[in-house]
Structures are given as structure tokens and as C-alpha cells.
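Asker:
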DNA sequence: AAAATTGACAACCGCGATTCT
DNA sequence: TAGAATCGCGGTTGTCAATTT
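Residue numbers (my numbering): 25 to 217.
1) Does the beta-carbon of residue 56 have 16 or more other beta-carbons within 10 angstroms, so that it is buried, or is it exposed?
2) Buried or exposed: residue 60, going by 16 or more other Cβ atoms within 10 Å of its Cβ?
3) Report yes if the C-beta distance between residue 72 and residue 36 is below 8 Å; otherwise report no.
4) Going by beta carbon distance, what residues of the same chain come within less than 7 Å of residue 174, once the five residues before and after it are set aside?
5) Measure the C-alpha to C-alpha separation of residue 91 and residue 69 and round it to an integer number of angstroms.
6) With residue 65 as the anchor, note down where its alpha helix (DSSP H) starts and where it stops.
7) For residue 137, which residues in the same chain have their Cβ closer than 7 Å to its Cβ, ignoring the five residues on either side in sequence?
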């Protein structure tokens, strides 16, 4: 059977948003608030599908967005949260006010992945890359050893700090890093063991 | 100076989860 | 309670600017 499309594709615009479209979306949401995304485009006079409107608003037009470069503190927080949560970008974004999941995901793929690789760490597992006979940092072997050790120690510390609370089916992760996150419990969420 | 490559990021797509009827 | 409708997430793609060859 299959799922019906989220919108009538023949009558919707695609690609980059124009200034006029942005203004229509902003003024509609200012007047009516975020609501039913499916009916919003028609009500706002936009030839876009609801999904596209939602994405544009959340990732670009929302007034509380921070934008601009990520700080070193944000970098480290993202790395730490990713080591615990994996690619749960929306959860990670929830801990970084003014940042969106899409922004963090893009930043991860373009900057942080490389940063971890340069530390000799696998960006997915956050564990040292151990390829026999291959030195990932031929020029700075000493620095590699130190940062790998530091990172491993941090990961272990966080794993030990993670605890499961039984009330309400929520996980409270006390990272012992001036940071506590609460998230709905999913059986698929794997904590470091 | 032109072509090719790389980097950055906005936007799209498919699908699982949730809500509604 | 089942199926449809909608939402939200994560992976992927497209596009443009900067850099390299």
C-alpha cells in the first residue's frame, strides 16, 4: 500500500527559501504560533510542504537561535554527549541552547569527526583507532598518546557516572561534568558498559 | 586564469514513533 | 483496536564558496 506523500509535490516549491517565503513563515508563526505543520503552508500562503516549513523554522528562522561559530566548550560538550548518546542529535541539541540538531549534525560531520580522528579516536566509538602498523599521527606521536589517554579516562568516568533511575521510565545521566540530562528511556539506548 | 577539488551548510527524503479517528 | 494521518529524527544530497592544482 505505502504511505501517502506529505504534500502535493506538483504544487510545492523546492530548494532554497526566498526572503519573501521566510517573511511569510515568520509572520504567520508570530501571529498563530507553531501548530499543525501540514496545514500551515496553505494558511500562510506558502507553496511549500509542511515538513519544509517546519525545518526552515526550526533550523534557521527561530528567534532563539544562536548561530555563529561553536565555542571550544560546545565542542567538548558535543563530543561528550555523543560518546554517551551516539547520533541522537536532537537530544544533544537539547543540551546546547540556541543550537539545532541539524546544525550539530553538520558540525559533527565537518569538524568534530576530523578533530577526533586527529586525536586518534574513532568518531563513532570514541575509542582509540588501533590499526596495527599504522600511525595516525606520524608527526606528533607524543601528543596523540596524551590526548587518547585523557579521552579514554573521561569516557570511563562518564560511564561510571551514568545511572538509571526507575521513576517514570526516565534515564538520568549524571555526567559528573556539571551536566545532568534526562531523556525518555528507550531499550535501544545503549549505555557504555 | 580556468578547471578541479574540498569544505560547509541548507534542505530533502524515508521511515519509525506518536496521535487521531 | 486497527488503520490513517501527522510529526520528528537521522541520513543523505545539492549547492555554492573557497582553495588548490
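Note that the Cβ used here is the ideal one computed from N, Cα and C, for glycine as well.
Answerer: For this structure:
1) exposed
2) exposed
3) yes
4) Caution is warranted here: a pLDDT of 41 is assigned to residue 174, below 50, making its placement in the model unreliable, and no coordinate value can be reported.
5) 28 Å
6) 64–68
7) 147
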